[in-house]
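Below is one structure; the comments refer to it alone.
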Amino acid sequence: MDHELLREFLDDAGELVDALIPQLIALENAPEDTQLLNAVFRSIHSIKGGAGFLLLEPVVALCHRAEDVFNLLRQGEAQATPELIDVMLRVADALASMFTTLQESASLPPADMELLAALDELLVHPPGSGSATDSGHGTKINSTPDDDEALEALLDSLHRAGPSGSGRRLSSSSRPVSEFGPIRSGHPGAEASVRVEAVRLDGMMNLVGELVLLRNRLMTLVERDDGSEDLVKTVSNLDAVTDGLQSAVMHVRMQPISRIFSRFPRVVRDVARTLGKEISLVIHGGDSEVDKNLVERLSDPLIHLVRNAVDHGIESPEEREAAGKPPTGEVTLEAYRQGHYIVIRVGDDGRGMDPGQLRARAVEKGALSAEAASALSDAEALQLILGAGFSTRSEVSNISGRGVGMDVVRARISELRGLVEIESTPGEGTWIRIMVPLTRGIFRTLMVWVGSQRFALPMGEVVETIATDELASQWVQGRQVVIVRGEPLPLVPLGCLFAERPRPTPGSEELPPGTHVVVVTLGGRRIAMLVDALIGEEEVVVKPLTGALRSVETFVGATVTSGGDTALIVDTGGVTQTFEHAA
Amino acid sequence: MDKGMRILVVDDFSTMRRIIKNLLRELGYSNIVEADDGATALPILKGGGIDFLVTDWNMPNMPGIDLLEAVRGDPELESLPVLMVTAEAKRNQIIEAGQAGIDGYIVKPFTAETLQKKIDRVFARLREAS
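Which chain is which? The protein sequence lines are A and B, in order.
Positions 6 to 588 (my numbering) are the ones given, in order, by the first sequence.
Positions 28 to 157 (my numbering) are the ones given, in order, by the second sequence.
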């Protein structure tokens with residue numbers, strides 16, 4: 006089989022199947038929308054057509070029957086009932102899983118007999134048609150095409166009789182091509198777009214990463230050695246070109262976030278149907294573009310958040326009506342860009358969360374002392390649900406599981422160097438906000454000294470830097486804090502973690518003079534990290550950690566600085582947790 | 028058959044365009060242009076230089092039948108040879124398409140050999156008509 010062709014088919018057909026699911030759900034809500042129905046029909050039709058050439062018999066078998074069912078719908082002989090849509094969603098799932106199998110270069114097992122039987126059942130007893138159809142549809146299912154020669158003969162007769170037949174001559178269209186002068190759309194075979202394997206793009210991105218590092222290094226060298234004017238000029242041109250190349254390569258890897266958003270109508274529908282809830286899903290900003298890698302990695306956490314919103318957030322229709330709300334709940338999914346970040350918000354107009362309850366629960370679970378819990382602001386108390394094993398519901402549902410949710414979401418988002426923030430008002434609803442850098446691989450950091458080593462703090466988390474000479478420290482409930490504009494911020498001396506210095510003990514209120522704290526924001530919390538000295542901002546390329554360091558929670562990766570040294574990139578969340586747990 | 032003739036392949040599914048293009052190339056036809064539906068095909072056709080139209084029938088925006096109507100209604104294009112690509116050989120559809128002015132049809136999936144036969148048939152039919 007032609008592998009190039011198969012890959013193209015899997016890409017194209019995969020996109021059609023991705024789009025099919027929200028289309029089917031829209032069709033369930035608007036069964037009269039013939040345009041939508043035709044679009045769905047056409048997708049199945051196209052997939053079947055391509056699969057036929059590629060000899061993917063199980064795909065053809067499934068699509069063929071599904072097409073017949075949609076034909077009944079188009080002819081008004083069946084209705085798009087939830088039961089019919091259920092079967093069609095199963096068809097979409099089955100196609101998606103066949104495509105995955107093919108992607109993994111495995112051979113296809115035959116199509117699911119049960120699903121084929123369900124489709125046949127729909128053909129024999131079309132839902133909404135009132136009665137079982139007669140044997141007429143039986144012949145439709147097994148319809149054999151008319152004989153080719155007979156049809157050609159039919160076409161011959163039409164051709165001779167047709168109004169255009171007599172006046173049409175071959176001569177005008179069989180002239181040699183050269184007579185036609187310049188060709189309209191470029192040279193033959195010119196294509197508007199080219200397909201590239203993702204792995205090649207990844208390779209390119211890595212090379213650009215290396216180039217950025219070399220550029221940074223070269224710039225440092227030129228600065229240090231006071232290079233000639235020509236050299237400085239050339240390096241500054243190189244700088245600009247490198248930036249251009251970097252953003253061009255990044256742009257090639259961008260995909261609209263709608264690639265994952267399109268899965269959500271399905272998720273919401275299925276969960277709502279299981280729970281007997283009425284929910285409408287509102288999606289904004291699906292055209293925001295992010296790195297393709299990111300699109301894939303955001304998928305699971307977002308699915309989790311949306312399921313949570315439907316399961317825990319939105320109340321039952323009765324409960325809503327009793328609270329004076331419309332019975333249909335609303336889940337909102339939106340994405341927008343903010344600087345170098347993509348912000349995704351998942352909201353619901355459900356029951357909201359009660360900070361008091363969360364505090365009580367944290368104490369009950371032994372995660373916090375009663376004093377520590379009461380010291381938390383309401384906003385901080387909401388962030389407690391991001392902790393491990395923290396479930397706000399006493400009963401366990403099989404939709405969002407047993408409190409293994411939000412901590413996993415947070416961990417996944419931290420891996421992407423992103424943040425999770427929660428806002429909630431009891432009785433009104435909850436918003437979860439995720440903020441993730443647009444691309445992996447390259448990002449800006451603040452370089453600092455701790456002991457004899459350089460460390461990089463992700464710039465996206467840095468709020469400000471303050472000289473220790475301008476700060477006072479205090480001990481509040483067994484923790485050292487610094488007071489920044491009247492607000493106490495927990496202090497994390499990085500030297501205790503990275504330079505084996507002793508932890509400060511209560512009473513030692515002195516901050517080391519002549520150094521700095523870096524204030525970072527962590528999911529709504531602000532933390533002051535004590536460092537030995539600031540070096541400056543630097544763009545770095547993240548290298549994954551290897552060997553013994555891989556499992557260390559305090560670093561997200563390593564990088565080579567412009568000076569040629571290795572620096573570890575600090576996971577501010579991990580560092581804070583490690584420090585607090587050791588307390 | 029002039030293997031240098033300029034062929035416009037119209038299909039909304041890019042895999043299908045690629046398949047048809049591959050088969051045409053296999054047969055020695057390499058002067059191929061593509062369009063993804065009737066609406067984008069028409070300006071290319073009106074721009075001139077297309078010798079043979081191979082089009083899908085079920086397409087969004089401008090389905091095959093509307094494209095045919097526009098082609099046959101244009102004095103410059105009325106004698107353009109047209110091969111319809113269809114999923115099923117159904118009598119009703121052949122009658123409808125035949126009346127709209129197609130010169131041949133081919134049922135998916137097909138081999139290069141079948142495609143050549145169908146192309147020969149289209150041009151034989153046109154010779155007969157002229």
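Backbone N, C-alpha and C fix where the C-beta goes; we use that ideal spot for every residue, glycine too.
Using beta-carbon distances, Met43(B) counts as an interface residue toward chain A, with a partner under 7 Å. Shown here for Val565(A): same chain residues with a beta carbon closer than 7 Å to its own, the five before and five after excluded, namely Leu218, Thr571 in chain order. Residue range 492 to 498 is occupied by the beta strand (DSSP E) that includes Glu492(A). The three-state secondary structure of Thr337(A), taken from DSSP, is strand.
Membership of Thr581(A) in the alpha helix (DSSP H) is indicated by the continuous run 577 to 586. Put simply, the CB of Phe104(A) is far from chain B, with every gap to its CB atoms at 7 Å or more.
In the DSSP assignment, Ala563(A) falls within the unbroken beta strand (DSSP E) covering 560 to 565.
Counting along the chain, no beta strand (DSSP E) covers Leu78(A); the unbroken alpha helix (DSSP H) around it starts and ends at 62 to 79.
By the beta-carbon neighbour count (other beta carbons within 10 angstroms, threshold 16), Asn242(A) is exposed.
Ile34(B) has a beta carbon lying at 7 Å or more from every beta carbon in chain A. Contacts between His8(A) and chain B, judged by CB atoms closer than 7 Å, are missing: the closest CB pair is about 13 Å apart. Cα atoms of Asp474(A) and Gly519(A): separation of roughly 6 Å, rounded to the nearest angstrom.
For the pair Leu107(A) and Glu13(A), the Cα-to-Cα distance works out to about 12 Å.
Under the DSSP definition of a beta bridge, Pro87(A) lacks any partner.
One Cα belongs to Pro114(A), the other to Asn43(A), and the distance between them is close to 29 Å. Taking each of Met103(A), Ala538(A), Met118(A) in turn and checking the Cα distance to Ser112(A), the smallest one comes out for Met103(A). Apart from the 5 residues on each side of it in sequence, Arg79(A) sits with its Cβ closer than 8 Å to the Cβ of Thr39, Leu42, Asn43, Phe46 in its chain, given in chain order. Under the 8 Å Cβ criterion, the region 73 to 92 of chain A does not count as touching the region 127 to 140 of chain B, having fewer than three qualifying pairs.
Rounded to the nearest angstrom, the Cβ distance from Val351(A) to Ile437(A) is 5 Å, consistent with a contact under 8 Å. Taken in chain order, the members of the region 91 to 123 of chain B whose beta-carbon sits within less than 8 Å of a beta-carbon on chain A are Arg99, Glu105, Ser106, Leu107, Pro108, Ala114, Glu115, Ala116, Lys117, Arg118, Ile121, Ile122. Counting only Cβ-Cβ distances below 9 Å, Ile146(B) has no contacts in chain A at all, with the closest Cβ about 12 Å away. Put simply, the CB of Leu160(A) is near chain B, with a gap under 7 Å to one of its CB atoms.
Residue state for Phe448(A) is assigned as strand, using DSSP reduced to three classes. When only Cα atoms are considered, Val580(A) and Val237(A) end up about 39 Å apart. Under the DSSP assignment, Ile349(A) falls in the beta strand (DSSP E) whose first and last residues are 346 to 353. Looking from the CA of Ile427(A), the closest CA among Met464(A), Leu387(A), Trp454(A) belongs to Leu387(A). In the structure shown, Arg268(A) falls within a coil segment according to DSSP collapsed to helix, strand and coil. If you draw a straight line from the Cα of Phe503(A) to the Cα of Glu515(A), it comes to about 20 Å.
DSSP places Lys145(B) in the helix class (H, G or I) of the three-state scheme. The Cβ atoms of Thr470(A) and Leu462(A) do not sit closer than 7 Å to each other. Interface criterion met: the Cβ of Asp17(A) is under 7 Å from a Cβ in chain B. For a cut-off of 8 Å, the C-beta gap from Arg268(A) to Ile26(A) is around 7 Å, short enough to register as a contact. Against Asn85(B), the close residues of chain A are Arg47, His50, in the order they occur along the chain (beta-carbon pairs closer than 7 Å). Closest option to Arg70(A), judged by alpha-carbon separation, among Leu60(A), Val213(A), Ile52(A): Ile52(A). The beta-carbon of Leu156(A) is placed less than 7 Å from the nearest beta-carbon of chain B. Rounded to whole angstroms, the separation of the alpha carbons of Arg220(A) and Gly423(A) is 27 Å.
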